[in-house]
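Here the structure comes first, spelled out in C-alpha cells, and everything after it is commentary.
Protein chains: 4
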Amino acid sequence: MQFQPILEEIVETVRPLLGAQGHVANYIPALARVPAAQFGSALRTCDGQEAQAGDSGTRFSIQSISKLFALTLGMGALGDALWDRIGREPSGNPFNSLVQLEAEQGTPRNPFINAGAIAVTDRLVSQGDAKAALLELLSSLCNEPVHFDEEVAASEAATGFRNMALGNFMKSFGKIDNDVAAVLDAYFHHCAVGMSCLQLARATGYLCRDGRHPFSGEQLLTERQTRRINSLMLTCGTYDAAGEFAFRIGLPCKSGVGGGIVAVVPDRLSLCVWSPALDATGNSLLGMHALELFTTRTGLSVF
Amino acid sequence: MQFQPILEEIVETVRPLLGAQGHVANYIPALARVPAAQFGSALRTCDGQEAQAGDSGTRFSIQSISKLFALTLGMGALGDALWDRIGREPSGNPFNSLVQLEAEQGTPRNPFINAGAIAVTDRLVSQGDAKAALLELLSSLCNEPVHFDEEVAASEAATGFRNMALGNFMKSFGKIDNDVAAVLDAYFHHCAVGMSCLQLARATGYLCRDGRHPFSGEQLLTERQTRRINSLMLTCGTYDAAGEFAFRIGLPCKSGVGGGIVAVVPDRLSLCVWSPALDATGNSLLGMHALELFTTRTGLSVF
Amino acid sequence: MQFQPILEEIVETVRPLLGAQGHVANYIPALARVPAAQFGSALRTCDGQEAQAGDSGTRFSIQSISKLFALTLGMGALGDALWDRIGREPSGNPFNSLVQLEAEQGTPRNPFINAGAIAVTDRLVSQGDAKAALLELLSSLCNEPVHFDEEVAASEAATGFRNMALGNFMKSFGKIDNDVAAVLDAYFHHCAVGMSCLQLARATGYLCRDGRHPFSGEQLLTERQTRRINSLMLTCGTYDAAGEFAFRIGLPCKSGVGGGIVAVVPDRLSLCVWSPALDATGNSLLGMHALELFTTRTGLSVF
Amino acid sequence: MQFQPILEEIVETVRPLLGAQGHVANYIPALARVPAAQFGSALRTCDGQEAQAGDSGTRFSIQSISKLFALTLGMGALGDALWDRIGREPSGNPFNSLVQLEAEQGTPRNPFINAGAIAVTDRLVSQGDAKAALLELLSSLCNEPVHFDEEVAASEAATGFRNMALGNFMKSFGKIDNDVAAVLDAYFHHCAVGMSCLQLARATGYLCRDGRHPFSGEQLLTERQTRRINSLMLTCGTYDAAGEFAFRIGLPCKSGVGGGIVAVVPDRLSLCVWSPALDATGNSLLGMHALELFTTRTGLSVF
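Chains as they are written, first to last, in my numbering: chain C, 10 to 312; chain B, 10 to 312; chain G, 10 to 312; chain P, 10 to 312.
Okay, here's the thing in C-alpha cells:
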C-alpha cells in the first residue's frame, strides 16, 4: 500500500476544519499559547517505509504519550514485578480521580492514568536516573537526540497540585518508595518531552514489531510484553474515551493533551497524528478524526 | 487452517484440570448444582466450516452472553437512539455497582454491565414482546429452536434484588420507561436461555461477517454497528477483567456466569467455549485458559 | 414562662414572609398542591401547658417525621437488637444516597435517612402489622384518632422508585427479612400519616419526659433510649442540614418534606412548627426560621 | 456542686482498666512510645473553681484538639468569610477521606476533619505567623507558656503524606492560597502542641462563657460564634463517632489521637480528660468512659 498519498489526502480533508472546534490545553501557559490551527501526521511501516504530511516535523509536547515509554522502560527493567503495585484494567473514571485510588488502597487501575504513570516513574527512579533513561530510550528509538522542554516541565511542576496529591496519597498507602518530589520531577519532565510526528512514528516502531527496536532490531520487550502494551493502549490509552476509540478507530492508541496521538497496526506500521485542539475528553479532536479517516481509507483496523 | 484437531488438542490439554480450580456460580440453586467438571468448545468459520470438541452439545445457561443478543436487537430496532440512555465506555467497577450509576444520574456506563442490559431490555419491552423477540433471534441465528430454562428464570427473579435495585434506581432518574417488574421479567428470562457451545458458535456468526446472518446472509446489523459491538466486547465484555482478556486472548469476548464465553475473530470465525467453574472475576477459568491456548495455537489475535 | 404570647408573636413575625421563598415538595401531586402560604405552631410542656398559634390545627403530611415514631416502636420492641443492622452516625450524604449503603454493605448510617427507616420498618413488619402499630401509637400519644392519607400513600408507592431501589439493595445484602413490597407499603403509609401541629406537639411529649407517655405516664422507652433518640435527632434529624440546625436552633429536631418540624427541649416541652415551603435541603424554610425565633426568644437551647 | 471528689471517684473507677484495652496511636514514634497506662482529668467552672485528678498535670500531644483553637483564631480573624471554603456539616466519612473532597470540589465538610483544619490553617497563614498565633492564644488562655513538641512536629511532617495529599488536592481546586508546604508546617506544629489536662480545661474556658476569655473576660468570639463552635463539636468533634458521643456523653467534645478529649458544659464548666489508648474510631477509650461517668454522675448533659 502507498501511504504517502493517503496521508496527504487526509491533510487536505482536515485542513478546512483547522481551528474550528475544540480547545488547546490551557492549564499551563506553555501549552495554552500553541496555535490551534496545526496538523501533522507521519507513519513508518515494519519494512521501513515512511510517509508524512502537514506539520509532521513540528515538535510538540508529548505529554501523556510519555506514559507509553515510561511503561516500556518499567516493563523492561522490572518484568512482571512492575505489576505488583499497578493494575491493568480500564478505570472508568476521569484520568486523575482520587476516588478509585482510595477505594483500591493506593493501587492505580492502570499505568496510563496519572496515578499509574507516577507509580511507574517511582519504580524507574529506584532504578537510577529516570529522566536520562527516558531521553536515552527515545533518542535511540527515533535515531536522533530528543530533549525536554524545560519551560513546560517547570510549568507542570508549578501547577501540578493534583499530581502532587496523587503521589502523596499513594505514598500514604506505602505504594511509592522514593521521595514524592523527586518522582514528580521525573514525571513532569517525561511529560515535557518535545517530539514531532515523524519522531513519534519512528519511536513507536517496536510496538508493531513484537518488541524489536525499529532500527537495530534489538529485542526491547518480549512479544508477550508488547502485546500487553498494545492491549493496554486499546483498553486504557485515551483517557475516558477508550470505548469510543476502539469503535471509531479500532487500533491501540495513546494520546496526550499536547494534541498528539500515536497508534499501532500490529505487524504493519506505527503512526502519529497531531493537532493541538482537544475535545471534552482531552483527546485531539482532529487527530481522532484523522485516525478514523486513515482506518476507513486503509481498512487497517483490528476489528 | 484445520480447526477440528486444534479444538481436540485443547480438550486434551484442559481435561486434567477439570474441577481443580474455581467455583461454579452459586447464587441460584439451578446454577449451583451444575457439575463443575465439564468443558466444551465449538466454532464456525465465515465459510461455514464447523468444529467442536468435548461437551460441545451440552446446553448451559448463557446468562450475560444474552446481553450481546439483547444489544443486537436494540441496535437493530432503535439505531443510534439506543445510546441516548446507555454509555459505551468501560466501567472500572464491579458489574453491578450502583455508585457509578448514581454519579452519572442513572445512565449506565455500557450495555454489558447489568444496569446497561436492563436499560437495553427496557427499550426492547417498549418495542413489543422482548422475551419472544430474543428467542426468535436466537432460534434463527442457530437454525434450531432455542428455549428459556424457566426454573433458572424463576430463581433469578426470586433472588435478583440487586437487579431490582438497579432497575428501580434508573427508573427514579426517569431512565426506564416501562414497569420495572416487566423489564426484569424479560431480563431474567434472557439470562435463562439454555444453549450449547455449537449453538452459540453459530449464533454469533454475524459478528465475524460484518453483521450478516450466518445462514441467510441477511444484514442484521450494519458493518459499523457490528464493529461497535465487537469493540464493546473487547473493552467491556468480561466484567472487570477486560484488560486481562484483551492481553491474554486479544479477541472480542463476552462471558456469562454460567461458564460460557463467546469470542469473535473478525472476518474469520466465531467461537464458544464453556466450563462452569469461575474465577474471582466471574469468568470461566478453563474457558479463559482454552481461549488463550486457541489464540496462541492459531495466531488469531487482533494484536 | 408564658408560651402562648411567644407563639403568637412568632406568627406575626413570620406572616409577611409566607409564600415568598422556597418551594413546596412537588414529587407527588398530593403534596404539590398544598398551598405554600400556611404556617402553624404548637407546643406542650412537661406539666401539661399547651400553646398554639396560626394554622396549628391543620393536618399535613408528616412524611419523615414518621421515622421518629417508627424508631420508637422499633426500640421499644427490639431493644438494642435494633442496632444490629442500622448505624447511629451522621451520613454526610443526601438522605437517599446509595453510595454509602454500597460502601457499608447494606447497613444504613442511621434510622433517619430513608434506607435506615426502611430497615426499621422491616423489623416492625416482622413484629406484626406495622401500619396498625404506628397508628395505634400515634393515636395514643395525641389522645385522638390518627389516620393515613391513602391518596398520599398511593402516590408515594407509585413514584417511590428510589426507595424501592434502597429496599432491594439492602435485601441483596441480606439486611431485609421481609418482602420488599410489603415493607415499602408500610413505609409509604407511615410517611402518609396526616397530623396537625398540636397533635405532633402532644405526640412527641415522651421525648421531653425521659420516655414517659405524655398523658398516661407509662414508660414507653427507657430514659437511656429517649436520650439516644434525642441525640440522633440533633445529629441526624434534618437531612443534610443537621450542623446548621444544631447551630441555629440548638435543639433535637426532626423534619419532613411536608413542611413539619418537631423539636424537643428536654425536661421542658415538645414543639411542632409547620409551613409547606422548603429550602434546598428539604427542610421547612419558615419552620426553621420560627424555631430560631423561638430559641432566641426563650433561651431554650441546649448550647 | 463539689467537683473534686467526683473527679477522684472517676480516677478510682478507671484505674483498674488502665492499659487493658485499646491501642496508643502508632503512626509516629513520638506518640507510639507514650505509656498507655495513664489517665488524667481536670475541669474549671465559669466561676473559677478548679478540680483535677490523676495525671492531670502531665503534658501530652493535643493533636486534633488544636483544630478547635485554630478554628477559634480563624473565626476571630475572618468572621463569616471563613466559611467561604469550609462546610459545617458532619462528614460521615473517615476523617481523612479524599472521596468527599473530590465530590465537593475541594471544599471540606467541616473544620474538624483534617482537610477542613488544613483549609483553616491556610487562612491563618494568610494572616501572618500561624504558628506563633496559636501559641500566643493558648498561652494566654491557660495563663502560662505553651510550646510545640518539635520532635512530634518533625515526625508528623515526615509521615504526613495523606495530609500533603489533602493539601495539594484542595490547592488543585484553587481552595488553598498559600504554599502547601508552609500551610502543613503550621498545621503539623499545631497538632504537636503539648498541654496538660489542667491547661486544656482552662484554655477551653471561653467555650462555656459565651466567648469570653476565662481569665481576662475579654470577648474572644461573639456569643453566636461560640455557639457555632459548640454545635460543631457536638456534631463533628469526635471523628466518625459523633453520634455515639452525643448519645453517651451528650456534651460538645473535641478529641485528639494523643488521647485527650475536651468537653464543654455551656454556662457551667469546661473539662479535659486524657488517656492514651484509643478505640477503633481514634478516640480515647478511657477518656470516653470517664466522660460518660462524669455526665451520669453530675447529670450535666445537654439532652
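Beta carbons: idealized from backbone N, C-alpha and C, even for Gly.
When the options are compared against residue i, the one with the closest alpha-carbon
i	options	result
L241/P	E227/P, E113/P, S264/P and G203/P	S264/P
I74/P	R118/P, P261/P and L87/P	P261/P
Y248/C	G63/C, K180/C and V266/C	V266/C
I127/C	P99/C, N152/C and K184/C	K184/C
V192/G	Q208/G, E301/G and N123/G	N123/G
G214/G	A201/G, T235/G, H198/G and E18/G	T235/G
F303/P	E159/P, V273/P and F121/P	V273/P
V23/P	L300/P, G308/P and F312/P	L300/P
A275/B	F256/B, F312/B and S284/B	The sequence given here has Pro at residue 275/B, not Ala. Checked all of F256/B, F312/B and S284/B; the closest Cα to P275/B is F312/B.
S310/G	N239/P, V189/P and S65/P	N239/P
F48/B	G85/B, L27/B and L175/B	L27/B
D64/G	T54/G, S70/G, I71/G and S50/G	S50/G
P285/P	A251/P, T244/P, I71/P and F254/P	I71/P
F78/B	L110/B, L144/B and L87/B	L144/B
G115/G	P117/B, V108/B and T116/B	V108/B
Burial state of residue i, where buried means 16 or more other Cβ atoms lie within 10 Å
i	result
M297/C	buried
E165/P	buried
Q11/P	exposed
T305/B	exposed
A167/P	exposed
P154/B	exposed
N292/G	buried
E98/C	buried
N35/B	exposed
D131/C	buried
E160/C	exposed
N152/B	exposed
A225/P	Note on residue identity: the sequence assigns Ser, not Ala, to residue 225/P. Exposed.
G308/C	exposed
Per-residue DSSP class, three states only, for residue i
i	result
T305/C	helix
F12/B	helix
I270/C	strand
A39/P	helix
V311/G	coil
H298/C	helix
V282/P	strand
S293/G	strand
G63/P	strand
L229/C	coil
A45/P	coil
F224/G	coil
R277/G	coil
L241/P	helix
Whole-angstrom distance between residue j and residue i, CA atom to CA atom
i	j	result
G57/P	R277/P	10 Å
G169/P	K180/C	9 Å
L91/B	E21/G	57 Å
L280/G	S149/G	18 Å
P44/G	D194/B	41 Å
P14/P	T231/G	29 Å
C218/G	A174/G	The amino acid at residue 218/G is misidentified as Cys; the sequence shows Arg. Each residue's alpha carbon lies about 37 Å from the other.
P25/P	S106/G	44 Å
Chain A contact residues for residue i, given Cβ-Cβ distances below 9 Å
i	result
V108/C	No chain A appears in the structure shown, which is made up of the protein chains C, B, G and P.
Quiz item: What runs of the alpha helix (DSSP H), each 4 residues or longer, lie entirely inside the segment 174 to 218 of chain P?
Solution: Fully contained in the segment 174 to 218 of chain P are the following alpha helix (DSSP H) runs of length 4 or more, in chain order: 189 to 200 and 206 to 212.
Exercise. Ignoring anything shorter than 4 residues or poking outside the segment 142 to 178 of chain B, list the alpha helix (DSSP H) runs there in chain order.
Key: If we require 4 residues or more, the alpha helix (DSSP H) runs fully inside the segment 142 to 178 of chain B come out as 159 to 168.
Quiz prompt | Segments of 3+ residues assigned as beta strand (DSSP E) that fall wholly inside the segment 59 to 138 of chain G | solution = Taking only runs of at least 3 residues, the beta strand (DSSP E) segments lying wholly in the segment 59 to 138 of chain G are 59 to 63.
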